[in-house]
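J.: What follows is a structure written as structure tokens; I'll ask about it next.
Structure (structure tokens):
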């Protein structure tokens, strides 16, 4: 038993020496409003999406994003009910494959799933798919990372029976762009 345990410790130490932990994430703030004739509505969105990952080697990494979003509404109703604010929690584990390494610039694709749960409107969403991105190493420890698009499947489950919405496809619009910074240990 001691030999097996020591072998596992030695294997973990060898993997850890070649591996690299990174932390970072993204932050978003958005506010919009309409004038009186357009309905006098507004929304303020705040998102924080911290991320932690582990580089297994030069091509593969695993990680997860754990995020929070808060929306404040004015004059906007959902199914006839005014909701002044809404909060959502998200968790998105992934496996990252770097398919092109051009020195300081790396192109990758994240494959994984995402689970989102909103509190007051009582809905959940599950997505499974791929998100392409690029990383630019600014220094040995600091990287700028961008994701754009999504190809995959999403299921949204509002509260109640027989009202699920499912989507499958490719999305490359401006709402699918994110920017963040990573610190590499």
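Residue numbers (my numbering): 16 to 200.
A virtual CB, placed ideally from N, CA and C, is assigned to each residue, including glycine.
(1) Could you check whether residue 103 and residue 131 sit closer than 8 Å to each other, using their CB atoms as the reference points?
(2) Between the C-alpha atoms of residue 160 and residue 45, what's the straight-line distance to the nearest angstrom?
(3) Over what stretch of residues does the beta strand (DSSP E) that includes residue 117 continue unbroken?
(4) Between the Cα of residue 170 and those of 163, 178 and 164, spot the shortest distance and give me the residue it belongs to.
(5) Report yes if the CB atom of residue 255 is closer than 8 Å to the CB atom of residue 198, and no otherwise.
(6) For residue 191, does the three-state DSSP call read helix, strand or coil?
(7) How would you label residue 37, buried or exposed, when you count the other beta carbons within 10 angstroms and need 16 or more for buried?
(8) Express the C-alpha separation of residue 140 and residue 87 in angstroms, rounding to a whole number.
(9) List the whole-angstrom C-beta distance separating residue 113 from residue 174, where the pair is believed to meet the contact cut-off of C-beta under 8 Å.
(10) Please state the DSSP three-state secondary structure of residue 200.
(11) For a minimum of 3 consecutive residues, which ranges assigned as the beta strand (DSSP E) are wholly contained in the stretch 147-193?
(12) Ends of the beta strand (DSSP E) at residue 85?
(13) So, is residue 191 buried or exposed, given that buried needs 16 or more other C-beta atoms within 10 angstroms?
(14) Contact check, residue 150 vs residue 158 under 8 Å by CB: the rounded distance?
T.: Let me spell this out:
(1) Cβ distance < 8 Å, so residue 131 and residue 103 count as in contact.
(2) Here the alpha carbon of residue 160 sits roughly 20 Å from the alpha carbon of residue 45.
(3) Residue 117 -> beta strand (DSSP E) spans 100-117.
(4) Measuring C-alpha to C-alpha distances from residue 170 to each of 163, 178 and 164 identifies 178 as the nearest.
(5) Given that the chain is displayed from residue 16 to residue 200, the structure contains no residue 255 and the question cannot be resolved.
(6) When secondary structure is reduced to three states using DSSP, residue 191 falls in the helix class.
(7) Buried.
(8) For residue 87 and residue 140, the distance between alpha carbons rounds to 20 Å.
(9) In this structure residue 113 does not touch residue 174 by the C-beta definition: roughly 40 Å separates them, more than the 8 Å allowed.
(10) Here residue 200 sits in coil by DSSP.
(11) List check, beta strand (DSSP E) in window: 157-163, 165-173 and 180-186.
(12) Annotation: the continuous beta strand (DSSP E) that includes residue 85 extends over 75-89.
(13) The residue in question, residue 191, is exposed, as its Cβ has fewer than 16 Cβ neighbours within 10 Å.
(14) Their Cβ separation, rounded to whole angstroms, is 5 Å, which keeps residue 150 and residue 158 in contact under 8 Å.
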